[in-house]
Every structure is written in C-alpha cells, then in structure tokens.
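Once you know that position 165 of the sequence shown is 166 in the working numbering, the rest is easy, because the numbers rise by one and skip nothing. Shown next, in structure tokens, is the structure this report addresses.
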Amino acid sequence: MTPSERYQIINLTIRQHSLKRMTRYLCELSHISASGYYRWLHAEERRQLQARADEHDLALIKMHFDALHGKAGALVIKMRLERENGVTMNHKKIRRIMRTYKLVATIRQANPYRKMAKATQEHQTCPNLLKRQLDQGEPEKVLLTDITYLHYGHGQCAYLSCVKDGATKQILAHYLSSSLELVLVERTLQLLIERFDGNVHPEAILHSDQGMHYTHPKIRLLVRKAGFRQSMSRKGNCWDNASMETFFGHMKDDLEYKSCATIQELRACIDNYIAYYNSGRYQWALKKMTPDEFRSHLLAA
C-alpha cells in the first residue's frame, strides 16, 4: 500500500469516527509520519478547492466544446471564452481541464489525396513569386488556391476548390464538384472575379501548386485577363500552400460532412461552414479575430 493510500484511509477513518485527536496514533499504527500526513492533508484541501474551481470552468469549456461538436482545441476555446463570455483563461489551464475530464478534440486523419496528374507538354508552369511570403499585410494581394477531396454518403467523392486570402485568411471563393474536370477551377476563378467586380489589387498574386488545372492554357489565360499575376510552388515544395492545407484540415475536423447523402446536401453544408469560418471562427494568428474582422482591422490601420 502506498503512503498516499494510507493517508486516505487515515483521513477517512478520522472523519467517519471523529478521531481527530488520534491522528498521531493512527499514523504510527500505519508506519507513516504525522508530518507527512498533514502535508498530504493540506495538499488535498488545495486539490479539492481547485477541483471545485475547475468544475465552474469546466462548464464554460464544455459549453464551447459541445457547441463545436467536440472539434475544438484549447486555443479555439480560449478565444471563444474571451470573445463570447468575457472570460480570460490560460490555455494551459484549459488544456489541463480538458485532459482531466477527457474532452479530447477530434483529430483528422492524414490526407490520402495528393498531386494531380502530371501536366502535358502544352501546359506551362510559372515562377514562384511568393517564396513563402504569404502574409504581405494587405487584403486581396496574395491569393492562395488549391483543391481537396471529400468522401461522403455511400462511397461518393466530391472535390472542393477554394481561394484564400493570404493576409486575412478569408475564403474568397469556392466551388464544389463531383468531378476533377477543368470547370472545377474555372468556376472558382469566375466566382472570385465576380466578387472583386473589377476592383483587383494592382499587385494581386494568385498562387497554387503545379497541378494540371493551374498550368492549363485556358486557366492561365483566365488568370491573366482577370489581372492576377500567376505564381506556383516548385514541385515537392508544399510550404507556400500550407495555409490552404491548414484550412482544409480544420474544415474536415470541424464539419460533419460524411453523413451527407447527396452532392446538394454536401454543397449546402460546405457553404454554411465557409460562412461560419469567415465570420464566426476566431483565429489565434489573427489577433483572436475572425477573418472578416481581421480584414476590417487591416483596412482601418
């Protein structure tokens, strides 16, 4: 029997039979020191006080954990507590309470989707204009684009194309399709152009990988006509588009999309999530603001 277990038995015996004056005798009988027991007792009192305080904090943490369907880590919960409840809580404390009460955030599986088919000879790549300088402090100057897969329903697969603002992290345009045909990227860019309505940043860069969609002559012409400078990561270098991968990863963590039965249902699910992501999802890297709020912050600076 460990000393801690003996302390617990002595404490229970004293409380049940009102034997406080026999503490030293019970310690001697159990072959432990009275001073060790009192140290344990004071520490136990502190633990109980902390546990009671944790119960109050747990209720707040669990409220946000449940609101996000168990798909929120300590930093996300910390930002929501500050913004929505006016409560400042150390992220280490949040993590400790979550660990104690087994509030484990869902972790996404590794993405099995990889690069597109190699480009044909008529396709041309572009130089990397970013060189990992994704955030240049101006909205709509650096635009990142990529494609991800989404398995849903009964073995169906859809593909989501997005354009993300490198500075504000806003998703500026997206399109969902059941195929990987060129129209997937073409339609995404058309939506982006419609959003800007002719107000394209004079130094706007559209950055992607060297996938067959982005090197296709039709897409390159569309990009050029829209007023974007086209930029591509070199093969084997994923760093410049890591921001897009981060968004796709968070989306797959946060979103219950696999139960969607039809492409229409999945599309509505994606539309709702992106609206929430832009206007309701606080981000640590954005000074605890949402992407929409951070855009306003940059424009007002």
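A virtual CB, placed ideally from N, CA and C, is assigned to each residue, including glycine.
Closest by C-alpha distance to G199, out of L131, Y8 and G228, is G228.
Contact between A205 and E141 holds: CB atoms are separated by about 6 Å, below the 8 Å threshold. Contact annotation: A68 and H92 have beta-carbon atoms that are not nearer than 9 Å. With a threshold of 16 other beta carbon atoms within 10 Å, G71 falls short and is exposed. Taking 4 residues as the minimum length, the alpha helix (DSSP H) runs contained wholly in the stretch 152–220 are 184–197 and 213–216, in order along the chain. For D147 against M245, the beta-carbon gap comes to about 4 Å, under 8 Å, which counts as contact. Classified as exposed, T247 has fewer than 16 neighbouring CB atoms from the shown chains inside 10 Å of its CB.
Rounded to whole angstroms, the gap between the alpha carbons of K170 and Q9 is 53 Å.
The beta carbon of A262 lies closer than 6 Å to those of G154 in the same chain, with the five residues before and after it left out.
If you ignore the 5 residues before and after R230, its C-beta comes within less than 8 Å of the C-beta of L130, E204, A205, I206 and L207, all in its own chain and listed in chain order. With contacts defined as CB atoms closer than 9 Å, A174 and L161 fail to qualify as a contacting pair. For Q49, the uninterrupted alpha helix (DSSP H) segment begins and ends at A35 to A68. Per DSSP, S232 is one residue of the beta strand (DSSP E) stretching across R230 to M233. Per DSSP, the continuous alpha helix (DSSP H) segment holding R97 begins and ends at H92 to T101. The shortest CA-to-CA distance from Q134 to any of H152, Y102 and A168 is the one to A168.
The three-state secondary structure of L144, taken from DSSP, is strand. Per the DSSP secondary-structure output, Y150 pairs in a beta bridge with Y160. Under the three-state reduction of DSSP, M2 is assigned to coil, being neither helix nor strand. Around the beta carbon of R7, 16 or more other beta carbons lie within 10 angstroms, which makes this residue buried. Within 10 angstroms of the beta-carbon of T189 lie 16 or more other beta-carbons, which makes it buried. A direct Cα-to-Cα measurement between G37 and D55 gives close to 26 Å. Under DSSP, M290 takes part in a beta bridge, and its partners are Q284. When DSSP states are grouped into helix, strand and coil, L222 belongs to the helix group. Rounded to the nearest angstrom, the gap between the Cα atoms of V77 and F249 is 17 Å. The alpha-carbon separation between K165 and A60 amounts to approximately 35 Å. Comparing C-alpha distances from D254 to each of Q137, P4 and I271 shows the shortest one belongs to I271. If you look at R25, you'll find it in the alpha helix (DSSP H) that goes T24 to L30.
In the DSSP annotation of this structure, the continuous segment of the alpha helix (DSSP H) that includes E246 starts and ends at A243 to D255. Take the alpha-carbon of I11 and the one of D58: they are about 31 Å apart. A Cβ-Cβ distance of about 6 Å is found for the pair H217 and L183, placing them in contact under the 8 Å criterion.
L30 sits exposed, since fewer than 16 C-beta atoms from the chains shown fall within 10 Å of its C-beta.
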